[in-house]
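Numbering (the working numbering) for the sequence shown: 226 to 706.
We treat Cβ as the ideally placed atom computed from N, Cα and C, and that holds for glycine.
Beneath this line is the structure, given in structure tokens, with notes to follow.
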Amino acid sequence: MIENNKCAIHPNKKLILLCLDCKLIPCCILCTSSKGEHHGHKTDPLESSESNILSLMNDFKDNVYPKLIERKENDQIILKESNETFEEIQSQYNNESNLLKKEFKKIHDRVSFFERDFQQQLSTNLEKNIIINTIISSSIQNDNNIISTILNNNNNNNNNNNNNNNNNNNNNNNNNNNNNNSILEKLKNYIKDKNSYNQQQHFDNIEDDLQTHDTTIELIQQYQQSILILNNNNNINNSNNLKEYNNKIINFKNEIIDIVNDSLKSICTFESNVENSNKNNNKNNNNNNNNNNNNNNNNNNNNNNNNNNNNNNNADDHFMLQHHQQDKSAQNLIDFLDQLYYPTFSDDMFEQYSVVVPDSFSGSLKDALSFAKKRGKLVLTYLHSDTQISLSFVLDILRSEEVLEFIKENFVFYVAKITPEAESLLFSLVHFDSFPIVVTILNLGSPEILEISQGFTKEVFFQNMFNHLLSNQEDLESVRQ
């Protein structure tokens, strides 16, 4: 039961006034104090406000009561939609979390930090949705508790069950209709009785009537509570909060995963690379047999011309990995390539060959390094020449969708155009004399050339990119954070 004649805002004080400036909202002495909401407003004491009380009751019946019913119905719709949306998000979270773990299990030993990063994003998004759902549910439950108390004091338990158990909606709604009729009948009866009384006679007895008529006091207090509920804007805020739900779905790029898996298999078979290196060293000691072993002379600069001729005849066979670590002349190479930037590379390739390749950085190499430093990315520098072997690299590797997407997402792509006049100086800096050449650069403090590579298959090229990204991921991640 509601305590007799208590203010909803100041429960320790009794309702003794009606505020004439605020649509006859009932007030206690604290409501009109210097810190109260109705300070300085015109008021009438309840004991001498029969006509105002009658107006209050009419407003309660004609305006406030229908709005309360509408508010409760709207809140139920919002709550139902909120719960359905959140259940879908929670279910989707479980599915996506399982999918995430399954996919990362294949490469977990080497890329576990990727899993943690995605899991954190997924969990953070769920936590945001949990907060939204909690805010909506708590707000509506609080409003419904008060509204249910107003509509029928004896139905608190039924209404609470209605909020916690959607399966009982029909029964509780029927109960609510009966409860609504109860308070509506009280208002009708009160107004009917008061209209039939002799106004002057009732005015003489109003003080005694207010002290003894529990129904009047109860309706006055419920009117105050109703006005407070309707003015709190919680339903508008909850409707806006529904728009804040964000159901993120993980989209795995299977073609990238397949290439990564193949790359990891290659990483686990370094013995074959050592064996190939030993074979190449043996061939370097036997120059007389080079002409019969053109496919295995990667480290034999004396016979590169023969090797290049063979490569031009068979573009698929010319891509054999070579790499050279540059230390002493790193800055010289960067200064040299800085002058040869080729910002229209992707446009030219599309215009001439109708192929889509990664967009080249529009500025100089030093600008690209500065940009990469801010974004926490590596700079992948491609040295392009107008030769058949460079064109083969573009058409066979750079144009492939998985390589294009991987570069776009993880690297700053810079292209230097090597003219015939610049070749001799370039080859003196990189110790190669054939194309294609790719330089991978890390710039966290000062530029560091990670590798200069010449000649690739698509699988080896992707493996190289992936390995550099993986080995420097933690440092790059710290920059992005």
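Residue i versus residue j: straight-line alpha-carbon distance, rounded
i    : j    : result
E648 : I559 : 15 Å
Q344 : N472 : 14 Å
Q577 : N689 : 28 Å
D611 : L669 : 33 Å
E340 : L695 : 13 Å
N457 : D368 : 9 Å
N594 : P672 : Note on identity: in this sequence residue 594 is Leu, with Asn being the wrong assignment. Cα to Cα, the separation comes out at about 7 Å.
K419 : N463 : 40 Å
N283 : N320 : 55 Å
D269 : L245 : 7 Å
S667 : K602 : Note that residue 667 is Leu in the sequence shown here, rather than Ser. Distance between the alpha carbons of L667 and K602: 8 Å.
N465 : T682 : 53 Å
V640 : E480 : 25 Å
L650 : E469 : 58 Å
L608 : L467 : 52 Å
S678 : N692 : 13 Å
C232 : I416 : 23 Å
P645 : F586 : 22 Å
E298 : I357 : 20 Å
I303 : Q346 : 27 Å
K239 : L453 : 17 Å
I474 : I314 : 9 Å
H235 : K305 : 33 Å
V663 : S617 : 14 Å
E262 : T310 : 38 Å
Coarse secondary structure for residue i, derived from DSSP in three states
i    : result
A233 : coil
K239 : strand
Q679 : strand
P583 : coil
Y566 : strand
E576 : helix
P466 : Per the sequence shown, the amino acid found at residue 466 is Asn instead of Pro. Of the three classes helix, strand and coil, the one that applies to N466 here is helix, per DSSP.
N396 : Since pLDDT at N396 reaches only 45, below the 50 mark, its modelled position is unreliable, and the value read off the structure follows with that caveat. The answer is helix: DSSP assigns N396 an H, G or I state.
I709 : Residue 709 lies beyond the residue range present for the chain, which begins at 226 and ends at 706; the question has no answer from this structure.
N358 : helix
N476 : coil
S421 : helix
K591 : helix
T257 : coil
N308 : helix
E262 : coil
N350 : helix
N471 : coil
Limits of the unbroken beta strand (DSSP E) element including residue i
i    : result
Y639 : 636-642
P251 : 250-252
Residues that DSSP places opposite residue i in a beta bridge
i    : result
C244 : I250, T268
E295 : Note: E295 sits in no beta bridge, so no partner.
N668 : P672
Bounding residues of the alpha helix (DSSP H) (the contiguous stretch that carries residue i)
i    : result
D284 : 275-284
D700 : 698-705
Residue i CB to nearest heavy atom of the ligand SAH below 6 Å
i    : result
C256 : No copy of the ligand SAH occurs in the structure displayed, which carries no ligand at all.
Residue-level contact to chain B via CB, residue i, 7 Å cutoff
i    : result
K305 : Structure shown: chain B not included; a single protein chain is present.
**OP:** At 3 residues or longer, and completely inside the segment 596-666: list those beta strand (DSSP E) runs for me, N to C.
**Re:** Runs found: 603-609, 636-642.
Original post:
What runs of the alpha helix (DSSP H), each 4 residues or longer, lie entirely inside the segment 434-464?
Top reply: Whole alpha helix (DSSP H) segments, 4+ residues: 439-455.
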